[in-house]
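Numbering (our numbering), first residue to last: 1463 to 1705. Ideal placement from N, C-alpha and C gives every residue a C-beta, glycine not left out. Have a look at the structure below before the remarks.
Next comes the structure, spelled out in structure tokens:
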């Protein structure tokens, strides 16, 4: 993505860059610096981030609906056929489960917990240079323990939860609520089911891009956020290799 993002910025074009933003944090820093120097918009296409479900979840956590977060987990698995042409199974194309799938749960927990994690552990199933599956243990600011997992060989699943000292938040299919989603919070034994309506994730992303280009809102992806997500992925990979 770096090659074509830099070319587009050099041509004076704003960019909506597909996730994962780059192959590593170093590329991400180069891309962000180029956008800042050109005074052009560069967003990372985390479409799920703009849907009303994630926006509501973020607001609930911030306002203390479940109290102070203590533990969290998020997973995204999707079977991806292994072929010579499939870029997600190719090391030279920046493939792998953590890049294509795990970037989502990692980004979601960073967004909802509002901080950057330390990598406490990582277990990676390597296949010819790419991770077929990855599981990582993280510690967020305030001592919040979390875990993410992703796999290119497991059946489809996409969910997250956060436990606080006063309750719990759960979202089943946080990635694309328009295809079916269950979003609840539980506190004092009472479970509340929250709305999952709203434009599709892609419509919401397009609307956000338009508003950013018009100078109406600040971007919710890209910039320091994109660099930090890539840095966390780099750290997970490094811990997995060391292990």
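- In the three-state DSSP reduction, residue 1548 falls in the coil class, being neither helix nor strand.
- Look at residue 1528 here: in three-state DSSP terms it is coil, with no helix or strand label.
- Inclusion of residue 1627 and residue 1532 in the CB contact set at 7 Å is warranted, their separation being smaller than that value.
- Scanning 1661, 1663, 1625 for the CA closest to the CA of residue 1646 turns up 1625.
- The alpha-carbon of residue 1566 is positioned some 15 Å away from that of residue 1600.
- Under DSSP, residue 1504 forms a beta bridge with 1477.
- Excluding sequence positions up to five before and after residue 1484, its CB lies within less than 7 Å of the CB of 1463, 1464, 1490, 1493, 1692, all in the same chain and listed in chain order.
- Under DSSP, residue 1534 shares a beta bridge with 1608, 1624.
- By the Cβ criterion, the stretch 1554-1572 is in contact with the stretch 1524-1543, since at least three pairs of Cβ atoms, one from each stretch, lie closer than 8 Å.
- Close CB contacts of residue 1502 within its chain, under the 8 Å cut and outside five residues either way in sequence, are with 1471, 1474, 1475, 1476, 1477 (chain order).
- For residue 1674, the secondary structure class from DSSP, reduced to helix, strand or coil, is helix.
- One Cα belongs to residue 1593, the other to residue 1481, and the distance between them is close to 17 Å.
- In the DSSP assignment, residue 1582 falls within the beta strand (DSSP E) that extends over 1580-1589.
- Under the three-state reduction of DSSP, residue 1514 is assigned to helix.
- Each residue's CA atom was taken as its position, placing residue 1610 and residue 1553 some 21 Å apart.
- In this structure, residue 1684 sits away from residue 1574, with a CB-CB distance that is not shorter than 7 Å.
- Look at residue 1467 here: in three-state DSSP terms it is helix.
- Contiguous beta strand (DSSP E) elements confined to the stretch 1652-1701 occur at 1652-1655, taking only those with 3 or more residues.
- Separation of the CB atoms of residue 1486 and residue 1687 is rounded to 16 Å, and the pair is thereby denied contact status at 8 Å.
- Here the alpha carbons of residue 1534 and residue 1602 stand approximately 10 Å from one another.
- Using a Cβ distance threshold of 7 Å, residue 1598 and residue 1587 do not count as a contacting pair.
- For the pair residue 1698 and residue 1676, the Cα-to-Cα distance works out to about 37 Å.
- Around the Cβ of residue 1618, a 10 Å sphere holds fewer than 16 other Cβ atoms; the residue is exposed.
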